[in-house]
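Numbering follows our numbering, with no gaps: position 47 of the sequence shown is 168.
Every residue, glycine too, gets a C-beta built ideally from N, C-alpha and C.
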Amino acid sequence: MDIARDELAKKPDEVSVEKLQSLLDLALRTTAAAVDPYHEGLTCIVAISQRESSNNDILEEPVSITGLETFSLSYKVHWPLSIV
């Protein structure tokens, strides 16, 4: 997270997911996780989810967030675990 600080401080639409992914890959390769056979399935996502009210209208709120608040990790699960 420290090496991605500058990228995650940007607005969500200005964040380069490719750069974050390469920083994540670098961090994984330089730690004990490098010997984990499943570390290549870890990916990063920058996305904003919409909250909906009870009557299914999207709530209109001023959005002033950073890439850090929209950052999440995802894992690509391989078959047969992907059917669970």
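Worksheet item: Applying the criterion that 16 or more other CB atoms from any shown protein chain within 10 Å of the CB defines a buried residue, is Ala125 buried or exposed?
Response: buried
Discussion item. According to DSSP, Leu163 sits in a beta bridge with which residue or residues?
Written reply: Tyr196
Worksheet item: Thinking C-beta only, is Val167 closer than 9 Å to Pro133?
Response: yes
Worksheet item: CB-CB under 6 Å to Ser195, same chain, minus the five flanking residues each way: which ones, in chain order?
Response: Thr164 and Ile166
Worksheet item: In angstroms, rounded to a whole number, what distance separates the CA positions of Leu145 and Ile186?
Response: About 21 Å.
Worksheet item: Which residue's Cα is closest to the Cα of Ser170: Phe192, Thr151 and Met122?
Response: Phe192
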